[in-house]
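Since the structure comes first, as structure tokens, the remarks are kept for the end.
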Amino acid sequence: MKSIKTNIKGVAAVFIGGLLLSSCEKTFDARLPLEADINNKSIVQVYMAMVNTARNYVYVDSKPVTGGAMVLGSVFPTTGYGFSVPSGTRSFLVRDTSSTATQIPLSFAQDLKVGKHYTVFMYDTLNSPKQKTVEDNIVPVTDTTARLRFANFVYSKTAIPAVDVYSANKKANIFTNVQVTDVTDFIPYETNRTDTFYLRLTGTTTNLQNITPPTPAPGNVLTTISFAVTPREKRYYTLIFRGSYATILTSSTQVRGFGFMTNY
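Under our numbering, the first residue of the sequence shown carries the number 711, and numbering increases by one thereafter.
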């Protein structure tokens, strides 16, 4: 699998539909035109895949850019395809603003090219926040397809296997052997038809499931991790594997599953 150009830096630091365990369908048909004037500017999106987060805010060059707090599964901005930032080397800060916060702030510098689009993926935990900034290869789509990619930012204390993404429509894997922190290239994808995606450990044919402890015991409830979406023409989308890989909790601050964002 070919990975797109990335830049990873970590210093000891809403899309609610992404916080789903079972099947959910999303349809995206709003037109999000590129900003007309991006002279000397870059476009940035932020996705929160960091577990146990509660009140994350993003700053660029010491200025706040997020109006609301970000939690697991949040994307900023919540509407549109990104926010503009002056190009060049910019200083980013992601932190919890509470006076009692235990989260370690994450600060990093990022060189942003003129007219380019970037996604900042926040991942790991509040005790060890990390980020991966990806330069998105977004170009005008000249046919009736959409573009889709996959990012793996699930959290685990120990090494875990790579995953595949299985398409119900295609009856085949569309992304394979995606390791933690990998972000795939965008691929052309059929539009105006709902597809459901599943996660599988690489090389297996079993869909990943979450375990929900019942109340009362005994026994467990198994829920297949899936996500349904209807891509629209000329749009760019990202599927994200996020949450705590080993969790059996139902808390939305930890639970593993699909996240989703519209890049353009």
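All residues carry an ideal CB built from backbone N, CA and C; glycine is no exception.
**Request:** Please go through the stretch 754-817 and give each complete beta strand (DSSP E) segment of 3 or more residues, from N-terminal end onward.
**Result:** 766-770, 793-796 and 798-806
**Message:** Between which residues of its own chain and residue 731 is the CB-CB distance below 6 Å, once the five residues before and five after are set aside?
**Reply:** Taking the first residue of the sequence shown as position 1, residue 731 is located at position 21. Bear in mind that a pLDDT of 37 at residue 731, under 50, signals an unreliable position, so the number given afterwards is only what the model happens to contain. Same-chain partners within the cutoff: 920, 933 and 967.
**Request:** Under 8 Å by Cβ, that's how I've got residue 757 and residue 857 pegged, so tell me the actual separation to the nearest angstrom.
**Result:** Counting from one through the sequence shown, the residue named residue 757 turns up at place 47. Counting from one through the sequence shown, the residue named residue 857 turns up at place 147. With a Cβ gap of about 17 Å, residue 757 and residue 857 do not count as contacting.
**Item:** Backbone secondary structure at residue 834 - three-state DSSP
**Value:** Within the sequence shown, residue 834 is the residue found at index 124, counting from 1. Three-state result, residue 834: strand.
**Item:** Distance CB(residue 888)-CB(residue 863) smaller than 8 Å
**Value:** Locating residue 888 in the sequence shown gives position 178, counting from the first residue. Locating residue 863 in the sequence shown gives position 153, counting from the first residue. Against a cut-off of 8 Å, the Cβ pair of residue 863 and residue 888 comes out as no contact.
**Asked** Which of helix, strand or coil does DSSP assign to residue 967?
**Response** Here the question's residue 967 lines up with position 257 in the sequence shown. Reduced to three states, the DSSP call for residue 967 is strand.
**Prompt:** By Cβ distance below 6 Å, which residues in the same chain neighbour residue 787 in space, the five residues on each side in sequence not counted?
**Reply:** Against the sequence shown, residue 787 aligns to sequence position 77. Closer than 6 Å at Cβ, skipping near neighbours: 793.
**CB-CB length for residue 944 against residue 851, believed under 8 Å** = The residue given as residue 944 occupies position 234 in the sequence shown. The residue given as residue 851 occupies position 141 in the sequence shown. With a Cβ gap of about 4 Å, residue 944 and residue 851 count as contacting.
**Prompt:** Starting from residue 874 and walking both ways along the beta strand (DSSP E), at which residues does that stretch end?
**Reply:** Here residue 874 refers to the residue found at position 164 when the sequence shown is read from its first residue. Taken as a continuous stretch (DSSP letters only), the beta strand (DSSP E) holding residue 874 covers 873-877.
**Host beta strand (DSSP E) of residue 910 (start-end)** = Start at 1 with the first residue of the sequence shown, and residue 910 comes out as number 200. It spans 905-911 - the beta strand (DSSP E) in which residue 910 sits, taken as one unbroken run.
**Request:** With DSSP as the reference, please indicate the residues paired to residue 947 in a beta bridge.
**Result:** Locating residue 947 in the sequence shown gives position 237, where the first residue counts as 1. In DSSP, residue 947 forms a bridge with 858 and 972.
**Asked** In whole angstroms, what separates the C-alpha of residue 917 from that of residue 773?
**Response** On the sequence shown, residue 917 is found 207 positions in, with the first residue counted as 1. On the sequence shown, residue 773 is found 63 positions in, with the first residue counted as 1. Approximately 43 Å, taken between the alpha carbons.
**Item:** Residues near residue 721 in its chain [Cβ-Cβ closer than 7 Å; skip 5 each side]
**Value:** Position 11 of the sequence shown, counting from 1, holds the residue named residue 721. Reliability fails at residue 721, whose pLDDT of 36 lies under 50, so the model's placement of it is uncertain and no value is given.
**Euclidean distance between Cα positions of residue 870 and residue 897** = Counted from its first residue, the sequence shown places residue 870 at position 160. Counted from its first residue, the sequence shown places residue 897 at position 187. Taking the straight line joining both Cα atoms gives about 25 Å.
**Message:** Could you compute how far the alpha carbon of residue 956 sits from the alpha carbon of residue 879?
**Reply:** As a first step, residue 956 is located in the sequence shown; it is residue number 246 there, counting from the start. As a first step, residue 879 is located in the sequence shown; it is residue number 169 there, counting from the start. Each residue's alpha carbon lies about 29 Å from the other.
**Request:** Specify the secondary structure class of residue 898 as computed by DSSP and reduced to three states.
**Result:** Residue numbering aside, residue 898 sits at position 188 when the sequence shown is read from its first letter. In the structure shown, residue 898 sits in a strand (DSSP, three-state: E or B).
**Message:** Just to confirm the assignment, what range does the beta strand (DSSP E) spanning residue 887 have?
**Reply:** Counting from one through the sequence shown, the residue named residue 887 turns up at place 177. Looking at the DSSP string, the run of the beta strand (DSSP E) that includes residue 887 is 882-888.
**Asked** Hey, would you say residue 839 sits closer than 8 Å to residue 780, going by beta carbons?
**Response** Position 129 of the sequence shown, counted from the start, is the residue given in the question as residue 839. Position 70 of the sequence shown, counted from the start, is the residue given in the question as residue 780. The answer is no: Cβ separation not under 8 Å.
**Prompt:** Which two residues bound the contiguous beta strand (DSSP E) that contains residue 936?
**Reply:** Here residue 936 refers to the residue found at position 226 of the sequence shown. That run of the beta strand (DSSP E) goes 936-940.
**Cα-Cα separation, residue 874 to residue 913** = Your numbering for residue 874 matches position 164 in the sequence shown. Your numbering for residue 913 matches position 203 in the sequence shown. Going from the Cα of residue 874 to the Cα of residue 913 covers about 8 Å.
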